[in-house]
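S.K.:
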Amino acid sequence: MRVSVRRLALYPLFAAQRRGALLSPFLHQISPRSRTLFSETGVWEKDYRTETRRKVEEWWHPRIMAQWRKDKKFYVLSMFPYPSGRLHMGHVRVYTISDTIGHFQKMRGHQVLNPMGWDAFGLPAENAAIERGLDPEDWTKSNIQSMREQLDTLGLCFNWDREVTTCLPDYYRWTQYLFIKLFEAGLAYQKEAVVNWDPVDQTVLADEQVDENGHSWRSGALVEQKLLTQWFIKTTNYAKPLLDALQDLPEWYGVKAMQANWIGECTGCYFDFKLKVNGKETGETLSAYSSSPETVYGAAYLAILPSHRLLHGSSSVRSALQEAFQPGRDSLTDITAHNLFTGREVPLVISHKETFDDYLDTVVGVPDCNEEDLSVARALNLSWTSVLKTHEDGTQTLINSEEFSGLTREQAFNSITQKAKEQKVGGYLTSSKLRDWLISRQRYWGTPIPVVHCGSCGPVAVPEEELPVTLPKLPSITGKGASPLEAAHDWVNCKCPRCKGPARRETDTMDTFVDSAWYYFRYTDPHNAYRPFERHLADHWLPVDVYIGGKEHAVMHLYYARFLCHFCKDQGLVAHREPFRKLLVQGLIKGQTFKLAGSGQYLKREEINFTGTCCVQLEGVTWEKMSKSKHNGLDPQDVVQQYGVDTVRLYILYAAPPEQDILWNAKTDALAGVLRWQSRLWQLVTKLRAARQLGDVPNPRLLKKKELAEAKKIWENKNYAIQEVTTHFTEDFLFNAAISRLMGLTNTLSVSVLSYTLKDSTVQKVLSHQLFLYNLLPRSQTSPCLCQVKQPLSPILQHGGDVLQQSWPTVDPEYLEVPDFVELSVLINNKSCGMVTVPVQVSKDTSRVQQLVLESPVGQKFLSERNIKRAILSPRTALINFLVDE
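Residues 1 to 886 (UniProt numbering) make up the sequence shown, in order.
Dropping the structure here:
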């Protein structure tokens, strides 16, 4: 830590002492029977035992919850859970983090929004209902009630008045509203597609829900390929804006790179073509990818894969394609494709390839810029127009490209894609690896897609005034065959909103990722019955200041949520394009697993003899994500019952940085250290209370020189702790480092508290600041402790001294005074050899500090004739260590 001569003069205790002033005396003694301590009896217990923890929490928990409710906004959001019925330790971790950040910002004077809701649609509830013969709605609501009670027992102060539940009509009405907005904008569409089919769960899966071995992410079944008519959202139109916007966001623990990789390099675009057979339009539109959009006037053909839907589905050109198809070679067909941008026609070719680049199944062939395209065109004897002219300096310009002729390729790239977008025939920059979002699910328990199918009008959106399209009640759900909604005949058969003729409702429901793509908006205005949210409320709260959740959602959920926010911005619904400012990903909590050798069977810990005489051969002892099937799970309520809420919350924050996994082992890990720290703090207050009952008045004049230096050290440690903890809670979220800093301050106080507590109030004031810092972590324990130290501290207490209303402490101005010079300790091979004063401006520059040390008397004496291998300048303390040859 750096030392300043000026700081010593500014230190208030010493300045007051020189003026002969006395610090405020103790006002009066707190009664040992005061009921404001922690329990109905009010008796202070000297030791912080398990029973004491329980009494403390029972007394203070309702008071803490009651005061949770300033003008600067701070929106902290944790990913809402699926209501499975039971919390697991992962839930405890993510919501402890969000609750702690929320309290920290509240203590700083912010108006905090920390809401909670339920991602309540989806397969697990439907499958559970089928197994038990229950209604999924009843099952889901009972689970929500159970989990909400569990969250309350953990002392989590959510804004429950803003609770949302995605399976309730007052929520999914607006999911349907947003779908209709997408549909009207041409971004929600239906087409035949080869999809991943889960034969067990009887539904379509997105590509991301299939593992690398081709198995379903949920059921584990081997996924089949089926050709089905499905609903898609054209997220590819937003690929480039979503990619570019990542540059303006702070680092997201590697998630930005994952998002960028998911999107891919947006160097090409799709163009729309109308298909013709023998010169007659079929009414079908085909989108084809061009990796060089600026050369689109030089297209020679359109190529599709042999697996393309046009060859296998219900397309009107299917028979013509099948007649022309010759396996193993490029096949020229009688079908032509009319380019809606250039107005030119090109033939449709069935490629001999099994795949194109990445996920493409339709590409534009341009011989001018691709050797392979040139080879195909020549082999099929196709004609094309040359569109590139190469100049002597190597630059290329366009020719035979109408008004774009004469432009450089870069200029033409921008102009052509922009005009195609304006004409709504393509042009949106995207990558070859990105697909549109498939949202159809052939299950019951999901948001109904608000579309009816009319024989005359085609697909028609349900009018907004008729929303929500609610789920019908079904006598039973089998989960087999067609969508369960097909069985609701009275619900399915309806009238077309446009022509009033007979029509049928869409029986697919939406992927639950659609529900969670906009829930952060609804929290800002959860009870609005007229629109999904008021813009001024969303604009006030958004973007989310800190978004907390598992890294497993780093691709799909975040991508979809960002897409929908971009879309809402373009629709004028919100001012912000990006929904989340900072992302905080948290790791897993893992338990030890024991596998039986050979079989892979998981064993319970109690089934194993650890004395060395065990006859069971173990395959290995590993750490894995907690689950019942692996016998390594922990019930949060059992853990809380054993250790108390405060201790569990502290442990979760202290055991590891948020993004790292926690390996839970109560016998050997950080839990013991947390318990010792809690007891040490309790003992500090107990000693202070005992000293105060003697009735002595502190008198700084009685401090000896050594004690004066100790008081200054405590004062500086306090300011350093405030500075460091504040930084950890606002910038890097290293809660474990923040707690370590507070533990260090406790150690400093523990050493000093007995030596001169009665002479100086510095210890008491610093202890109170430590408790203010500690208060955002285990608030039940802090509250009674603050009640004990608050009376002599009235000048620094706010809100009438209410311990639950204290603000976050700030660093004393005197501490922030930047010194002109810093005194550095000089070490040689880790042994101290003196001090050197250097200007503060260069105190972090290793080479400058090394030079100044070598020029100083210390350096001349100890280093002038030594071979210096390395100089290490500490980033945290005023210290430089020279490693030299002995």
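For every residue, glycine included, the Cβ atom is placed at its ideal position computed from N, Cα and C.
Which first and last residues belong to the beta strand (DSSP E) in which Ile872 is found?
M.R.: On the sequence shown, position 872 is the one that residue 872 refers to. From DSSP, the beta strand (DSSP E) with Ile872 extends over 868–873.
S.K.: Return the CA-CA distance between Val853 and Lys844, expressed in angstroms with no decimal places.
M.R.: Taking the first residue of the sequence shown as position 1, residue 853 is located at position 853. Taking the first residue of the sequence shown as position 1, residue 844 is located at position 844. Straight-line Cα distance between these residues: approximately 13 Å.
S.K.: Tell me where the beta strand (DSSP E) around Phe580 begins and ends.
M.R.: In the sequence shown, residue 580 corresponds to position 580, counting from 1. Where Phe580 is concerned, the enclosing beta strand (DSSP E) stretches over 580–586.
S.K.: Using three-state DSSP, classify Met626 as helix, strand or coil.
M.R.: For the purposes of this step, residue 626 is identified with residue 626 of the sequence shown, where counting begins at 1. In the structure shown, Met626 sits in coil (DSSP, three-state: anything other than H, G, I, E or B).
S.K.: I think Thr507 touches Gly122, with their Cβ atoms under 8 Å apart; what is that distance to the nearest whole Å?
M.R.: Walking along the sequence shown from the start, residue 507 turns up at place 507. Walking along the sequence shown from the start, residue 122 turns up at place 122. Their Cβ separation, rounded to whole angstroms, is 17 Å, which puts Thr507 and Gly122 out of contact at 8 Å.
S.K.: Check the DSSP bridge columns for Ser290 and list the partner residues they point to.
M.R.: As a first step, residue 290 is located in the sequence shown; it is residue number 290 there, counting from the start. Cys269, per the DSSP bridge assignment.
S.K.: Between which residues of its own chain and residue 890 is the CB-CB distance below 7 Å, once the five residues before and five after are set aside?
M.R.: Nothing about residue 890 can be reported from this structure: the residues present for the chain run from 1 to 886 only.
S.K.: In chain order, what residues of the same chain have a beta carbon less than 6 Å from the beta carbon of Ser146, not counting five sequence neighbours either side?
M.R.: As a position in the sequence shown, residue 146 is number 146, starting the count at 1. Correct list, in chain order: Gly85.
S.K.: Based on the DSSP output, what are the partners of Phe74 in its beta bridges?
M.R.: By one-based count along the sequence shown, residue 74 stands at place 74. DSSP, once it has assigned bridges, lists Val112 as partnering Phe74.
S.K.: CB-CB under 6 Å to Leu438, same chain, minus the five flanking residues each way: which ones, in chain order?
M.R.: The count along the sequence shown starts at 1 and reaches residue 438 at position 438. Ala206, Gln230, Phe232.
S.K.: Would Ser679 and Tyr48 qualify as a contact pair, given that the criterion is a beta-carbon distance under 7 Å?
M.R.: Position 679 of the sequence shown holds residue 679. Position 48 of the sequence shown holds residue 48. Yes.
S.K.: Using the C-alpha atoms, what's the distance from Pro472 back to Ser491?
M.R.: Translated into positions along the sequence shown, residue 491 becomes position 491. Translated into positions along the sequence shown, residue 472 becomes position 472. This sequence places Trp at residue 491; Ser is not what is there. Cα to Cα, Trp491 sits roughly 7 Å from Pro472.
S.K.: Cys269 and Thr430 look like a contact to me (Cβ under 8 Å); what is the Cβ gap, rounded to whole Å?
M.R.: Reading the sequence shown from its first residue, position 269 is the one you call residue 269. Reading the sequence shown from its first residue, position 430 is the one you call residue 430. Between Thr430 and Cys269 the Cβ distance is about 6 Å, and since that is below 8 Å, they are a contact.
S.K.: Do three or more CB pairs link the stretch 538–553 to the stretch 458–478 at distances below 8 Å?
M.R.: These segments do not touch.
S.K.: Cβ of Leu467 within 7 Å of Cβ of Gln176?
M.R.: Within the sequence shown, residue 467 is the residue found at index 467, counting from 1. Within the sequence shown, residue 176 is the residue found at index 176, counting from 1. A contact, by the Cβ cut-off of 7 Å.
S.K.: Based on the DSSP output, what are the partners of Lys280 in its beta bridges?
M.R.: The sequence position of residue 280 within the sequence shown is 280, counting from 1. Lys280 pairs with Val277.
S.K.: Where does Val639 fall in DSSP's three states?
M.R.: As a first step, residue 639 must be located in the sequence shown, where it is residue number 639. Note: Val639 maps to helix in three-state DSSP.
S.K.: Mind reading off the beta-carbon distance from Lys625 to Leu588? Whole number of angstroms is fine, and I expect it under 8 Å.
M.R.: The count along the sequence shown starts at 1 and reaches residue 625 at position 625. The count along the sequence shown starts at 1 and reaches residue 588 at position 588. About 5 Å; that satisfies the 8 Å criterion.
S.K.: Along the beta strand (DSSP E) that carries Gln396, what are the first and last residues, could you check?
M.R.: Here residue 396 is taken as the residue at index 396 of the sequence shown, counted from 1. Where Gln396 is concerned, the enclosing beta strand (DSSP E) stretches over 396–398.
S.K.: What whole-angstrom Cβ distance do Arg409 and Glu294 have, given they're in contact under 8 Å?
M.R.: Counted from its first residue, the sequence shown places residue 409 at position 409. Counted from its first residue, the sequence shown places residue 294 at position 294. The Cβ separation is near 5 Å, so the contact holds.
S.K.: What residue from His308, Thr267, Tyr301 has the CA that sits closest to Leu227's CA?
M.R.: Locating residue 227 in the sequence shown gives position 227, where the first residue counts as 1. The option with the nearest alpha carbon to Leu227 is His308.
S.K.: What three-state label does DSSP hand Arg93 in the structure shown?
M.R.: On the sequence shown, residue 93 is found 93 positions in, with the first residue counted as 1. In the structure shown, Arg93 sits in a helix (DSSP, three-state: H, G or I).
S.K.: Pairing CB atoms from the stretch 151–170 with CB atoms from the stretch 518–526, are three or more of them under 8 Å?
M.R.: Output reads yes: the stretch 518–526 touches the stretch 151–170.
S.K.: Given 8 Å as the limit, is there contact between the stretch 360–369 and the stretch 378–391, that is, 3 or more CB pairs closer than that?
M.R.: Output reads yes: the stretch 378–391 touches the stretch 360–369.
S.K.: May I ask which residues mark the beginning and end of the beta strand (DSSP E) holding Leu348?
M.R.: Here residue 348 refers to the residue found at position 348 of the sequence shown. That run of the beta strand (DSSP E) goes 345–350.
S.K.: For Asp201 and Phe533, I'd like the C-alpha separation in whole angstroms.
M.R.: Here residue 201 corresponds to residue number 201 of the sequence shown, with the count starting at 1. Here residue 533 corresponds to residue number 533 of the sequence shown, with the count starting at 1. Distance between the alpha carbons of Asp201 and Phe533: 35 Å.
S.K.: Can you check DSSP and say which residues form a bridge with Arg504?
M.R.: The count along the sequence shown starts at 1 and reaches residue 504 at position 504. Partner(s): His453, Asn493.
S.K.: Ignore the nearest five residues each way along the sequence and tell me which others in Gln850's own chain have a CB closer than 6 Å to its CB.
M.R.: One-based indexing of the sequence shown puts residue 850 at position 850. The residues are Ala871.
S.K.: Express the C-alpha separation of Lys713 and Lys706 in angstroms, rounding to a whole number.
M.R.: If you number the sequence shown from 1, residue 706 lands on position 706. If you number the sequence shown from 1, residue 713 lands on position 713. Distance between the alpha carbons of Lys706 and Lys713: 11 Å.
S.K.: Within its chain, find whatever has a CB closer than 7 Å to the CB of Asp357; leave out the 5 residues flanking it on each side and keep chain order.
M.R.: Counting from one through the sequence shown, the residue named residue 357 turns up at place 357. Taken in chain order, the residues that qualify are Ser432.
S.K.: Going along the chain, which residues of its own chain have a beta-carbon closer than 6 Å to the beta-carbon of Leu663, five neighbours each way excluded?
M.R.: Here residue 663 is taken as the residue at index 663 of the sequence shown, counted from 1. These residues qualify, in order along the chain: Lys590, Trp623.
S.K.: Excluding five sequence neighbours on each side, which residues of the same chain lie with their C-beta closer than 7 Å to the C-beta of Ala288?
M.R.: Sequence index remark: in the sequence shown, residue 288 carries index 288 (1-based). These residues qualify, in order along the chain: Tyr270, Phe271, Phe273, Leu302, Thr362, Val363, Val364.
S.K.: Would you mind giving the Cβ-Cβ distance between Glu184 and Ala461, rounded to the nearest angstrom? I have them listed as a contact below 8 Å.
M.R.: As a working note, residue 184 is residue 184 in the sequence shown. As a working note, residue 461 is residue 461 in the sequence shown. Glu184 to Ala461, Cβ: 7 Å. Contact.
S.K.: For Leu286, which of Ser405, Leu340, Tyr253 has the nearest alpha-carbon?
M.R.: For the purposes of this step, residue 286 is taken as residue 286 along the sequence shown, with counting starting at 1. Leu286 has its Cα closest to that of Leu340, out of Ser405, Leu340, Tyr253.
S.K.: With a CB to CB cut of under 7 Å and the five nearest residues on each side skipped, what residues in its chain are close to Ser331?
M.R.: What you label residue 331 is simply residue 331 of the sequence shown in a count that begins at 1. Ala324, Phe325, Val349, Ile350, listed in sequence order.
S.K.: Can Glu126 and Tyr444 be called in contact, C-beta distance under 7 Å?
M.R.: Against the sequence shown, residue 126 aligns to sequence position 126. Against the sequence shown, residue 444 aligns to sequence position 444. Cβ distance < 7 Å, so Glu126 and Tyr444 count as in contact.
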